[in-house]
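Participant:
There are 2 protein chains.
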Amino acid sequence: MAGRIDRNRAAPDMRGSDLEELIGYNLKRAYVIVQADFRASLGKDGLAPRVFSALSLVVQFPHTTQSALARMLDIERSGLVAIVDELEERGYLARTAVPGDRRVQALVPTTAGRHAYADIIAKVHAHEERLFSGMTRSERQSLLDLLKKFRDLEGQS
Amino acid sequence: MAGRIDRNRAAPDMRGSDLEELIGYNLKRAYVIVQADFRASLGKDGLAPRVFSALSLVVQFPHTTQSALARMLDIERSGLVAIVDELEERGYLARTAVPGDRRVQALVPTTAGRHAYADIIAKVHAHEERLFSGMTRSERQSLLDLLKKFRDLEGQS
DNA sequence: TTGAACTGTTTACCATAATAACAAACTTGC
DNA sequence: GCAAGTTTGTTATTATGGTAAACAGTTCAA
Chain A
335 MAGRIDRNRA APDMRGSDLE ELIGYNLKRA YVIVQADFRA SLGKDGLAPR
385 VFSALSLVVQ FPHTTQSALA RMLDIERSGL VAIVDELEER GYLARTAVPG
435 DRRVQALVPT TAGRHAYADI IAKVHAHEER LFSGMTRSER QSLLDLLKKF
485 RDLEGQS
Chain B
335 MAGRIDRNRA APDMRGSDLE ELIGYNLKRA YVIVQADFRA SLGKDGLAPR
385 VFSALSLVVQ FPHTTQSALA RMLDIERSGL VAIVDELEER GYLARTAVPG
435 DRRVQALVPT TAGRHAYADI IAKVHAHEER LFSGMTRSER QSLLDLLKKF
485 RDLEGQS
């Protein structure tokens, strides 16, 4: 144990490092964990997080346009095309013509889409329940509230 | 205002949606905001977040190997090669031979690397200070603590 | 001493996203 | 009414960040 290079297989302890005290770094690490578990929970052929979030909004706010959806998700509308394509291919929504404006196509969930969403949101809730089971209800609520507060403060881009 | 499709340019209000109550979704949105501001704070030719985090650990834990560093950052060691290459090209660290094991190359920060890191960490602290200025000191500490607690619980992958 | 394991590395690949350009459709100012 | 500007959905291109598989050289353990 003298003068040897540390060659442990376990992750070395970084406690007290600058990194560990940065919110940004911890946010990223936490996000990676949650995202990986989300995917695992929805299975190999499950919806990717971004596709899920689009479906969620289409189910809860039917007849929104792609542009409006992109603004809600805060992504470019060009990026939404592939997401909507996938949801349409899965039969979860339809692009429907809007009388009065031939540019836009309102996004309408199908019955299958609403049913699939009900199943999926249940799995997602179970995933968060399991993943955060080591934290108390009030700790989870605090975390959620703090994240929302931060987004409210900085989100008016 | 009757029967018309919502065509506002501003981001529609998603308050009360399922998405807004998911920790994972809020985590991601917060992460995207912080990461974008991080990059903006370090400028066009500044270090990317992952390169910064590698430099941080090399400065604070000199003579670690690439494998150990990859475990600390929880990324694949193949992915670390390009990061270490960049830091070496910038003259911030050196790969040095380790007597007794010709496989490993200990990562040692240069004097320039330590000075650069001091500058950069100051900018990073200023960035977080500015970004979270809408939250009280104790709110920020709570957020940090909750994120660390979550990582501690789930991090033993 | 032979087989297993570890290190750094390259190559290939995948996922997520932004940017730029475009045609079609709509709106506005005159 | 009409020209100029704007919005919508779309494609193509590019950047980024990461994993997986394979490999040669080296070390370790039975």
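Those sequence lines, one after another, are chains A and B.
Start counting at 1 in the first sequence, then tack on 334, and there's your number in the working numbering.
Start counting at 1 in the second sequence, then tack on 334, and there's your number in the working numbering.
Positions of the beta carbon are idealized from the N, C-alpha and C atoms, including for glycine.
(1) Taking only three categories from DSSP, how would you classify Ala-388 (chain B)?
(2) Give every residue of the same chain whose Cβ lies closer than 8 Å to the Cβ of Thr-398 (chain A), excluding the five residues on either side of it in the sequence, and list them in chain order.
(3) Below 8 Å between beta carbons is the criterion; list the residues of the segment 430-453 of chain A that meet it against any residue of chain B, in chain order.
(4) Mapping the DSSP letters down to three states, classify Leu-381 (chain A) as helix, strand or coil.
(5) Counting Cβ pairs, one atom from each stretch, are 3 or more of them under 8 Å apart for the segment 347-367 of chain A and the segment 466-481 of chain B?
(6) Between which two residues does the alpha helix (DSSP H) harbouring Leu-414 (chain A) extend?
(7) Against chain A, does Val-418 (chain B) count as a neighbour if the rule is that its beta carbon must be under 9 Å from one of theirs?
(8) By the criterion of Cβ-Cβ separation under 8 Å, what are the contact partners of Leu-297 (chain B) in chain A?
(9) For Leu-441 (chain A), report the span of its beta strand (DSSP E) as first-last.
(10) Could you spell out where the beta strand (DSSP E) holding Arg-349 (chain B) opens and where it closes?
(11) So with Cβ pairs under 9 Å, would you call Val-458 (chain B) a contact of chain A?
(12) Please list, in chain order, the residues of the segment 390-417 of chain B that have any C-beta partner in chain A closer than 8 Å.
(13) Rounded to a whole number of angstroms, what is the C-alpha to C-alpha distance between Ala-370 (chain A) and His-449 (chain B)?
(14) By how many angstroms is the C-alpha of Ile-455 (chain A) removed from the C-alpha of Asn-342 (chain B)?
(15) Compare the C-alpha of Gly-353 (chain A) against each of B:Glu-488, B:Glu-462, B:Ser-401, B:Gly-468 and name the closest.
(16) Pop quiz: Ile-409 (chain A) and Glu-488 (chain B) are said to be a contact at Cβ under 8 Å. What is the actual Cβ separation, rounded to whole angstroms?
(17) Which term fits Gln-400 (chain B), buried or exposed, when burial requires 16 or more other beta carbons within 10 angstroms of its beta carbon?
(18) Using the three-state DSSP reduction, which class does Val-432 (chain A) fall into: helix, strand or coil?
(19) Between which two residues does the alpha helix (DSSP H) holding Leu-407 (chain B) run?
(20) Mind checking which residues open and close the alpha helix (DSSP H) that includes Ser-520 (chain B)?
(21) So Ala-374 (chain A) and Leu-361 (chain B) are in contact, right, with Cβ under 8 Å, and what is the actual spacing, rounded?
(22) Mind listing the chain B neighbours of Gly-462 (chain A)? Cutoff is C-beta to C-beta under 8 Å, in chain order.
(23) For the candidate residues B:Lys-378, B:Leu-421, B:Ala-431, B:Val-385, whose alpha-carbon lies nearest to that of Thr-445 (chain B)?
(24) In the DSSP assignment, what are the bridge partners of Leu-427 (chain A)?
(25) Can a CB atom of chain B be found closer than 9 Å to the CB of Asp-371 (chain A)?
(26) Using C-beta distances below 7 Å, list every residue in its chain close to Arg-384 (chain A), excluding the 5 sequence neighbours before and after it, in chain order.
(27) If we cut at 9 Å on Cβ distances, does Gly-380 (chain B) have a partner in chain A?
(28) At a Cβ threshold of 9 Å, is Leu-421 (chain B) touching chain A?
Facilitator: On the basis of the coordinates in this document:
(1) Translated into positions along the second sequence, residue 388 (chain B) becomes position 54. The answer is helix: DSSP assigns Ala-388 (chain B) an H, G or I state.
(2) Position 64 of the first sequence, counted from the start, is the residue given in the question as residue 398 (chain A). The beta carbon of Thr-398 (chain A) lies closer than 8 Å to those of Leu-391, Val-392, Met-406, Ala-440, Leu-441 in the same chain, with the five residues before and after it left out.
(3) Val-432, Gly-434, Asp-435, Val-438, Ala-440
(4) Indexing the first sequence from 1 puts residue 381 (chain A) at position 47. Coil, per DSSP.
(5) yes
(6) Working through the first sequence from its first residue, we reach residue 414 (chain A) at position 80. Taken as a continuous stretch (DSSP letters only), the alpha helix (DSSP H) holding Leu-414 (chain A) covers 411-423.
(7) Here residue 418 (chain B) refers to the residue found at position 84 of the second sequence. By this cut-off, Val-418 (chain B) is not an interface position.
(8) Past the boundaries of the shown model lies residue 297 (chain B); chain B is included only from 335 to 491, so the question cannot be answered.
(9) On the first sequence, residue 441 (chain A) is found 107 positions in, with the first residue counted as 1. First-last of the beta strand (DSSP E) with Leu-441 (chain A): 439-443.
(10) For the purposes of this step, residue 349 (chain B) is taken as residue 15 along the second sequence, with counting starting at 1. Where Arg-349 (chain B) is concerned, there is no enclosing beta strand (DSSP E), given that its DSSP letter is neither H nor E.
(11) The residue given as residue 458 (chain B) occupies position 124 in the second sequence. Taking Cβ atoms only, chain A reaches closer than 9 Å to Val-458 (chain B), which makes this a yes.
(12) Ser-390, Leu-391, Gln-394, Phe-395, His-397, Thr-398, Thr-399, Ala-402, Arg-405, Met-406, Asp-408
(13) Taking the first residue of the first sequence as 1, we reach residue 370 (chain A) at position 36. Taking the first residue of the second sequence as 1, we reach residue 449 (chain B) at position 115. Each residue's Cα considered, the two are about 36 Å apart.
(14) Counting from one through the second sequence, the residue named residue 342 (chain B) turns up at place 8. Counting from one through the first sequence, the residue named residue 455 (chain A) turns up at place 121. In this prediction, Asn-342 (chain B) has a pLDDT of 49, which is less than 50 and means its spatial position is unreliable; what the coordinates show is noted afterwards. Roughly 28 Å separates the two Cα atoms.
(15) Reading the first sequence from its first residue, position 19 is the one you call residue 353 (chain A). It should be noted that the sequence gives Leu, not Gly, for residue 353 (chain A). Among B:Glu-488, B:Glu-462, B:Ser-401, B:Gly-468, the Cα nearest to that of Leu-353 (chain A) belongs to B:Glu-462.
(16) As a first step, residue 409 (chain A) is located in the first sequence; it is residue number 75 there, counting from the start. As a first step, residue 488 (chain B) is located in the second sequence; it is residue number 154 there, counting from the start. With 8 Å as the limit, Ile-409 (chain A) and Glu-488 (chain B) do not qualify as a contact, their Cβ atoms being about 27 Å apart.
(17) Locating residue 400 (chain B) in the second sequence gives position 66, where the first residue counts as 1. Flag for Gln-400 (chain B) reads buried.
(18) Taking the first sequence and counting its residues from 1, one reaches residue 432 (chain A) at position 98. Reduced to three states, the DSSP call for Val-432 (chain A) is coil.
(19) Taking the second sequence and counting its residues from 1, one reaches residue 407 (chain B) at position 73. Element bounds for Leu-407 (chain B): 400-407.
(20) Residue 520 (chain B) is absent from the model: chain B starts at 335 and stops at 491.
(21) What you label residue 374 (chain A) is simply residue 40 of the first sequence in a count that begins at 1. What you label residue 361 (chain B) is simply residue 27 of the second sequence in a count that begins at 1. Distance from Ala-374 (chain A) to Leu-361 (chain B) at the Cβ level is roughly 16 Å; contact not present, criterion being Cβ atoms closer than 8 Å.
(22) Sequence index remark: in the first sequence, residue 462 (chain A) carries index 128 (1-based). Before going further, note that residue 462 (chain A) is Glu rather than Gly in the sequence given. Listed along chain B are Leu-356, Ile-357, Gly-358, each with a C-beta nearer than 8 Å to that of Glu-462 (chain A).
(23) Against the second sequence, residue 445 (chain B) aligns to sequence position 111. Here the closest residue by C-alpha is B:Leu-421.
(24) Residue mapping note: residue 427 (chain A) aligns to position 93 of the first sequence, counting from 1. Partner(s): A:Pro-443.
(25) For the purposes of this step, residue 371 (chain A) is taken as the residue at position 37 of the first sequence. It does: the Cβ of Asp-371 (chain A) has a partner Cβ on chain B nearer than 9 Å.
(26) Within the first sequence, numbered from 1, the residue matching residue 384 (chain A) stands at position 50. Excluding sequence neighbours, Arg-384 (chain A) sits near Ile-417.
(27) If you number the second sequence from 1, residue 380 (chain B) lands on position 46. Chain A contact via Cβ: absent.
(28) Here residue 421 (chain B) refers to the residue found at position 87 when the second sequence is read from its first residue. With 9 Å as the cut-off, Leu-421 (chain B) does not count as an interface residue toward chain A.
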